[in-house]
Amino acid sequence: MTEQEHIDYNRIAKAIDYIKANFKEQPSLNDMAKNVHLSPYHFQRLFTEWAGVSPKKFMQYISIEYAKQLLRDKKATLFDTAHQTGLSGTSRLHDLFVNIEGMTPGEFKNGGENLSIRYSFAESPFGNIIVASTQKGICHIAFFDDRDEALKKLKDKFPNAGYSQVVDTTQQNALFIFQNDWGKRHQIKLHLSGTPFQLKVWETLLKIPMGELSTYGSIAKEMDKPKASRAIGTAIGNNPVAFLIPCHRVIRSTGNIGGYMWGNTRKSAIIGWEAAKING
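Residues in the sequence shown are numbered consecutively from 374, following my numbering.
1) Check for me: the alpha helix (DSSP H) holding threonine 421 runs from which residue to which?
2) With DSSP collapsed to three states, give me the class of alanine 495.
3) State yes or no: is the C-beta of isoleucine 473 within less than 8 Å of the C-beta of leucine 563?
4) CA-CA distance, glycine 632 and aspartate 541?
5) Which class does serine 537 belong to by DSSP, given the choice of helix, strand or coil?
6) Using DSSP with H/G/I as helix, E/B as strand and the rest coil, what is glycine 500?
7) How far does the alpha helix (DSSP H) with leucine 572 in it extend, from its first residue to its last?
8) Between glutamate 422 and chain B, is any beta-carbon pair separated by less than 8 Å?
9) Leaving out five residues on either side along the sequence, give the residues of the same chain with a beta carbon under 7 Å from the beta carbon of glycine 610.
10) On the CB-based measure, 16 or more other CB atoms within 10 Å of its CB, does arginine 622 come out buried or exposed?
11) Quick check on lysine 407: does DSSP put it in helix, strand or coil?
12) Return helix, strand or coil for lysine 600, following the three-state DSSP convention.
13) On a Cα-Cα basis, can you pick out the residue from Thr577, Asn637, Lys650 and Gln538 that is closest to tyrosine 391?
14) Quick test of the definition: if touching needs 3 or more C-beta pairs under 8 Å, does the region 613-630 touch the region 402-412?
15) In terms of residues, what are the limits of the alpha helix (DSSP H) holding isoleucine 592?
16) Work out the CA separation of glutamine 417 and proline 428 for me, nearest whole Å.
17) Between the Cα of alanine 495 and the Cα atoms of Ile550, Asp597 and Pro532, which residue gives the shortest distance?
18) Assuming histidine 379 is part of the alpha helix (DSSP H), what are its boundary residues?
19) To the nearest whole angstrom, what separates the beta carbons of threonine 577 and isoleucine 561, a pair I think is in contact under 8 Å?
20) Report the rounded CA-to-CA distance for lysine 580 versus threonine 507, giving the unit in angstroms.
21) Can you name the start and end residues of the beta strand (DSSP E) that leucine 565 belongs to?
22) State the beta-bridge partners of isoleucine 473 as determined by DSSP.
23) With H, G and I counted as helix, E and B as strand and the rest as coil, what does DSSP make of alanine 455?
24) Given a threshold of 16 other Cβ atoms within 10 Å of its Cβ, counted over all protein chains shown, does glutamate 647 qualify as buried or as exposed?
25) Contact defined as beta carbons within less than 8 Å: I believe serine 626 pairs with glycine 590. What is the distance between those atoms, to the nearest angstrom?
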């Protein structure tokens with residue numbers, strides 16, 4: 374990400390924070406632009422380039438009322454919807470092409486001493502990311518602000534693994550998630566370390582279609598564990614693969630966005646961006 378792109382992203386993030394705090398008052402374009410020290414014309418252009426829709430339309434997508442509407446209006450469960458073939462656009466189905474393979478005890482033994490991990494750094498619409506893979510699939514994706522800290526967190530997860538900074542096909546296929554041309558992306562495989570319960574939660578998240586939202590309670594119900602909302606929330610919070618396993622699509626039953634490992638502003642940005650892609 375260039376310095377200018379970093380500045381632009383920070384401006385958009387600040388604008389999203391402002392919209393989240395003030396959407397009930399329906400701030401004008403002038404008010405939004407003033408908050409990020411841009412003219413209305415330049416702010417409108419920058420925001421539309423980033424999100425694909427106007428600031429006003431985006432404000433609808435990240436408001437609590439919009440979230441409530443998404444939850445209220447669905448006639449079938451999100452998981453039934455995800456498995457239907459008549460959805461508008463292949464992007465709605467992309468998560469169904471993601472498969473999870475849990476690491477065996479031998480692969481994760483003694484801090485991953487049997488693992489060879491390749492990693493690289495990339496850019497996304499929501500900031501810089503680190504992506505890592507084994508021979509079997511993606512094992513880690515995270516947003517970051519500090520590159521050294523991001524690499525340290527990866528190595529802390531697998532302290533005895535072998536590391537090399539290499540871009541491979543597995544990583545490139547995973548990064549197609551940020552593009553509109555889904556036909557260029559092959560089936561993605563994930564190679565994750567987790568308990569059977571965590572793996573089941575993450576697999577369930579993959580069934581939430583792009584542009585849709587679910588709640589912790591709904592996830593618990595779909596897993597036939599209606600009393601496990603808190604444990605499910607913990608598993609969601611331990612998601613090792615940002616964006617690709619869409620924990621950002623899980624919100625509170627009140628319509629409140631809730632927490633996110635990589636920041637609530639980023640979560641709101643992703644929800645709005647996905648809604649814009651689907652509805653725009």
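C-beta atoms are modelled at their ideal positions from N, C-alpha and C, and glycine is treated no differently.
Reading off the structure:
1) For threonine 421, the enclosing alpha helix (DSSP H) stretches over residues 413-424.
2) Per DSSP, reduced to three states, the secondary structure at alanine 495 is strand.
3) Yes; because the gap between Cβ atoms is below 8 Å, this pair is in contact.
4) Straight-line Cα distance between these residues: approximately 32 Å.
5) Serine 537 falls in the strand class under three-state DSSP.
6) Correct three-state label for glycine 500: strand.
7) Taken as a continuous stretch (DSSP letters only), the alpha helix (DSSP H) holding leucine 572 covers 569-578.
8) Reference to chain B is not applicable here, since this structure consists of a single protein chain.
9) If you ignore the 5 residues before and after glycine 610, its C-beta comes within less than 7 Å of the C-beta of Met634, all in its own chain and listed in chain order.
10) Flag for arginine 622 reads buried.
11) Note: lysine 407 maps to helix in three-state DSSP.
12) Three-state result, lysine 600: coil.
13) In terms of CA proximity to tyrosine 391, Asn637 leads the group Thr577, Asn637, Lys650 and Gln538.
14) Result no; under three Cβ-Cβ pairs closer than 8 Å.
15) Where isoleucine 592 is concerned, the enclosing alpha helix (DSSP H) stretches over 589-595.
16) Cα-Cα distance, rounded: 7 Å.
17) With distances taken between Cα atoms, alanine 495 lies closest to Ile550.
18) Segment 376-395, the alpha helix (DSSP H) holding histidine 379.
19) With a Cβ gap of about 17 Å, threonine 577 and isoleucine 561 do not count as contacting.
20) About 24 Å.
21) Here the beta strand (DSSP E) through leucine 565 covers 561-565.
22) Note: isoleucine 473 sits in a beta bridge opposite Leu563.
23) A caution first: alanine 455 carries a pLDDT of 40, below 50, which makes its placement in the model unreliable, though a value can still be read off. When DSSP states are grouped into helix, strand and coil, alanine 455 belongs to the helix group.
24) Glutamate 647 is buried by the Cβ-count criterion.
25) Yes, serine 626 and glycine 590 are in contact; Cβ-Cβ is about 6 Å, under 8 Å.
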